[in-house]
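Shown next, in structure tokens, is the structure this report addresses.
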Amino acid sequence: MATAAAAAETTTTTTPPRRQACRGSCHCGLTQYVVFLRLPHPFSATDPPLPTDQEVYRCNCSTCTKMNFFHVHPAHPRDDFMLLSPLDPDRELSTYQCFEKLRKYYFCPTCGVRCLTFGGVGETVALEGDDAVLVGGGGGGEAAEAEEEGGGGGVPARQVWRAKWDGDKDTTPYVAVNGTTIDPREDFDLRLLTEQKRVQYFDGWSDPKDEKDPRWDRPHDRGCY
Numbered sequence: 000m001a002t003a004a005a006a007a008e009t010t011t012t013t014t015p016p017r018r019q020a021c022r023g024s025c026h027c028g029l030t031q032y033v034v035f036l037r038l039p040h041p042f043s044a045t046d047p048p049l050p051t052d053q054e055v056y057r058c059n060c061s062t063c064t065k066m067n068f069f070h071v072h073p074a075h076p077r078d079d080f081m082l083l084s085p086l087d088p089d090r091e092l093s094t095y096q097c098f099e100k101l102r103k104y105y106f107c108p109t110c111g112v113r114c115l116t117f118g119g120v121g122e123t124v125a126l127e128g129d130d131a132v133l134v135g136g137g138g139g140g141e142a143a144e145a146e147e148e149g150g151g152g153g154v155p156a157r158q159v160w161r162a163k164w165d166g167d168k169d170t171t172p173y174v175a176v177n178g179t180t181i182d183p184r185e186d187f188d189l190r191l192l193t194e195q196k197r198v199q200y201f202d203g204w205s206d207p208k209d210e211k212d213p214r215w216d217r218p219h220d221r222g223c224y
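Sequential numbering of the sequence shown, starting at 0, is according to numbering that gives the first Met the number 0.
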């Protein structure tokens, strides 16, 4: 009889990837989000992602290593990530910035878990119809349902916070979630991603002129699996 691990591995390697709504949270539940990913994660050394594809990687720079951040970048920063709670992360989450301060490393002020790195401008919007259904309708907690009714079979509109396009085609928001904060699911197993070499390893520690190319077999110096 196949073990659960073997069954999960079979699912990961043979199931055609499709867009999935993945929920995640910090430990205490103050931070809650939905990220849309193509799962099982399809990319590897023989089929690397394009710059516009989703990415799963580790970086060996001091910031990412000290934070133990397992980068999961959705393909479309605005459409593929929605913060359900809180709706004002700059006010209700704690923030760390470093160096040029282009990105905000949000973490929960209660439990300390770091779910999200963000660069750009965010906005609160009301999702209706099918979009509201995908993220769970009105929901509870900080991301309570909006007053107006949406479509989707009477599902209430849902307020979420997400990246805002600023109108400049040359500017794209930066969104990365910490993969360890995605709720457990069979088609996103961090063990299998590593064992099957579907995690890229970036060299962010070296000076730009000495930076090594991304690789899939093992982390660069000072990095970690």
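Cβ atoms here follow ideal geometry from the backbone N, Cα and C, with glycine treated the same way.
Mind reading off the beta-carbon distance from residue i to residue j? Whole number of angstroms is fine, and I expect it under 8 Å.
i	j	result
T51	A74	6 Å
P213	Y200	7 Å
Q31	L83	4 Å
V174	P76	4 Å
M66	R113	6 Å
W164	N59	Actually they are not in contact, since the Cβ atoms of W164 and N59 sit about 31 Å apart, beyond 8 Å.
H26	C110	4 Å
Any heavy atom of the ligand ADP closer than 7 Å to the beta-carbon of residue i?
i	result
V132	The ligand ADP is not among the ligands present in this structure, which contains no ligands whatsoever.
Classify residue i as helix, strand or coil using the three-state DSSP reduction.
i	result
S43	strand
G28	coil
C63	helix
T13	helix
A20	strand
Y56	strand
T271	Residue 271 lies beyond the range of the chain shown here (0 to 224); nothing can be said about it.
P76	coil
Keeping to the same chain, check which residues put their C-beta closer than 7 Å to that of residue i; ignore five residues upstream and five downstream.
i	result
A44	K196 and W215
D79	V34, F35 and P73
P16	R37, L38, P39 and P41
Which residues bound the beta strand (DSSP E) around residue i?
i	result
V33	Q31 to L38
V112	No beta strand (DSSP E) contains V112, which DSSP labels as neither H nor E.
H70	H70 to H72
What residue does the alpha helix (DSSP H) around residue i start on, and which one ends it?
i	result
L133	G128 to L133
Can you list, in chain order, the residues of its chain whose CB lies under 6 Å from that of residue i, leaving out five sequence neighbours each side?
i	result
T116	R102, Y104 and A175
D186	L38 and P39
E210	D202
Uninterrupted alpha helix (DSSP H) stretches inside the stretch 79-106 (no shorter than 4 residues) = Inside the stretch 79-106, DSSP marks whole alpha helix (DSSP H) runs of 4 or more residues at positions 88-91, from first to last along the chain.
Can you check the stretch 158-219 for any beta strand (DSSP E) of at least 3 residues that lies completely inside it and give the ranges in chain order?
-> 173-177 and 199-201
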